[in-house]
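Here's the structure we're looking at; comments come further down.
Numbering (the working numbering), first residue to last: 37 to 285.
Have a look at this one:
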């Protein structure tokens with residue numbers, strides 16, 4: 037049984053949205069609003085994050101994937117469309133590895149096939165060290181603004197502040213270890229699902245090599261690049277993002 041928070045809106049074919057590092061269900065605010073008119077939109081908050089901040093956090097992508105699968109089993113959801121953002125993109129790849137026959141269409145958004153990315157702005161070990169030195173509050177003040185081209189001046193930056201306000205240091209560190217120890221590259225060729233890869237060309241978290249690796253190795257995939265925006269395209273230009281998603285699913 038899963039005891040994490042799950043927002044469940046609308047009726048129709050299920051669409052499951054998995055948030056990323058320091059995120060919450062609320063990060064999908066504009067997608068919930070748009071897609072719940074035609075789909076049953078399921079947006080969990082991962083253990084330790086956002087609305088599930090009181091639930092013990094997990095230290096592996098595989099465990100996080102199984103937590104989402106538990107939610108879907110509890111809700112008796114068999115087939116569904118699936119999107120994951122950033123760390124959530126790793127989780128949805130893992131879900132597809134575990135129960136790929138239940139995934140209708142897959143969307144990998146601003147993510148890659150490996151957690152400790154070659155060419156990342158810093159190693160994950162360096163991120164963990166910095167987090168321990170400066171503390172969770174300074175990390176939350178420093179990191180999410182880098183996900184927007186306009187930084188804290190983006191009109192929807194407040195959603196990141198809301199999402200992260202109750203996260204404790206252990207949760208943030210566990211998630212970094214989860215990413216560090218995850219590598220999904222070998223499984224890409226086994227993803228038989230029709231897959232959309234979305235990436236903003238100003239993304240400082242995941243470089244072009246990462247999304248190109250997904251496109252080159254997932255057999256039935258296509259890449260959509262949104263020019264001029266960063267890691268949080270779904271909050272920067274939600275209408276454009278939703279239009280691309282809507283056409284795909």
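Virtual Cβ for every residue (Gly too), placed ideally from N, Cα, C. Values in this document were obtained by computation on a predicted structure and should not be read as measured data.
Please state whether DSSP places residue 157 in a helix, a strand or coil. Correct three-state label for residue 157: coil.
Are the beta-carbon atoms belonging to residue 106 and residue 51 less than 7 Å from one another? no
Mark residue 222 as exposed unless 16 or more other C-beta atoms lie within 10 angstroms of its C-beta, in which case mark it buried. exposed
Buried or exposed: where does residue 210 fall if 16 or more other Cβ atoms within 10 Å of its Cβ makes it buried? buried
Inter-residue Cα distance where the pair is residue 254 and residue 280: If you take the alpha carbons of residue 254 and residue 280, they lie about 19 Å apart.
Segments assigned alpha helix (DSSP H), at least 4 residues, entirely inside the segment 86–171: 97–110, 123–135, 160–170, all fully within the segment 86–171.
Report the residue from 115, 135, 141, 101 whose alpha carbon sits nearest the alpha carbon of residue 126. Of 115, 135, 141, 101, the residue nearest in Cα terms is 101.
May I have a chain-ordered list of the beta strand (DSSP E) segments no shorter than 3 residues that lie completely inside the segment 192–269? 230–236, 257–262
Exposed unless 16 or more other CB atoms sit within 10 angstroms - verdict on residue 90: exposed
Closest to residue 162 by CA distance: which of 130, 197, 216 is it? 216
Starting from residue 50, follow its DSSP beta bridges and name the residues at the other end. Residue pairing from DSSP places residue 50 in a beta bridge opposite 76.
Contacting residues, own chain, Cβ-Cβ under 6 Å from residue 96 (five flanking each side not counted): 214
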